[in-house]
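Counted the way the numbering used here counts, the sequence shown spans residues 328 to 474.
Here a beta-carbon is modelled for each residue, glycine too, at the ideal position from N, C-alpha and C.
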Amino acid sequence: MIDKEIAKADFEAIWDWCQRFAREALVDFGEIYPFAVNINIHGEIIPFAIDMEERVPKANDVIEILIRAAKNEARQERIRAFGICFDATVNLPGQTERSDAIVCRLEHRDADPLEIVLPYALEDGWLDCGKLQAGPARSRVFETELH
Numbered sequence: 328m329i330d331k332e333i334a335k336a337d338f339e340a341i342w343d344w345c346q347r348f349a350r351e352a353l354v355d356f357g358e359i360y361p362f363a364v365n366i367n368i369h370g371e372i373i374p375f376a377i378d379m380e381e382r383v384p385k386a387n388d389v390i391e392i393l394i395r396a397a398k399n400e401a402r403q404e405r406i407r408a409f410g411i412c413f414d415a416t417v418n419l420p421g422q423t424e425r426s427d428a429i430v431c432r433l434e435h436r437d438a439d440p441l442e443i444v445l446p447y448a449l450e451d452g453w454l455d456c457g458k459l460q461a462g463p464a465r466s467r468v469f470e471t472e473l474h
């Protein structure tokens, strides 16, 4: 496979893992705490999160810690792809009210970064997902963006 095909397959693998885990967390616990997934240079999916013990930091702080950890792995050329997933409240096109959403930001050493937003509503343990949206994102882990 050429690099772009590998990047596409890696993005699909990360998104698949993240959205399944996020959906399960929402149904089981009613929330998503930020988590991340790397794909190492051998193509293995490696999920990771912060062990919070008793202290629960702010979600934005956790996101920054996860990004720093992945950036370190990328600098050492141990990973080829990274995804971070978190819960957010977003403005959706054509809607006046904000919506809860699963947000997944994907990065790859051989592709431009991508953000996926999956709106959802959670009521009485039932998860109803809206229309998936995807668009460009800012690179945070891999030093240069490709064009």
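Any idea if Asp343 is buried or exposed, counting beta-carbon neighbours within 10 angstroms, 16 or more meaning buried?
exposed
Glu339 by DSSP, collapsed to three states: which one?
Secondary structure of Glu339 (DSSP, three-state): helix.
Mind checking which residues open and close the beta strand (DSSP E) that includes Glu450?
Run containing Glu450: Ala438 to Glu450, per the beta strand (DSSP E) assignment.
Could you tell me the distance, in whole angstroms, from the CA atom of Arg402 to the CA atom of Phe469?
8 Å
Going by the beta-carbon positions, is the gap between Ile366 and Ile341 smaller than 8 Å?
yes
Assuming Phe375 and Ala363 form a contact by the criterion Cβ under 8 Å, report the distance between their Cβ atoms to the nearest whole angstrom.
6 Å
Cα-Cα separation, Pro463 to Pro420:
16 Å
Please report the residue range of the beta strand (DSSP E) in which Asn365 lies.
Judged by DSSP secondary structure, Asn365 falls within the beta strand (DSSP E) whose first and last residues are Phe362 to Asn367.
Endpoints, the alpha helix (DSSP H) within which Leu393 is located
For Leu393, the enclosing alpha helix (DSSP H) covers residues Ala386 to Arg402.
Take the Cβ of Val430 as the centre, count every other Cβ of all protein chains shown within 10 Å, and call the residue buried at 16 or more, exposed below.
buried
Between the alpha carbons of Glu472 and Ile377, how many angstroms are there, rounded?
Model confidence at Glu472 stands at a pLDDT of 47, short of 50, so the residue's coordinates are unreliable and nothing is read from them.
Going by DSSP, which residues form a beta bridge with Asp355?
In the DSSP assignment, Asp355 forms no beta bridge with any residue.
Closer than 8 Å to chain C by CB, Thr423
Absence of chain C from the displayed structure is noted, only one protein chain being present.
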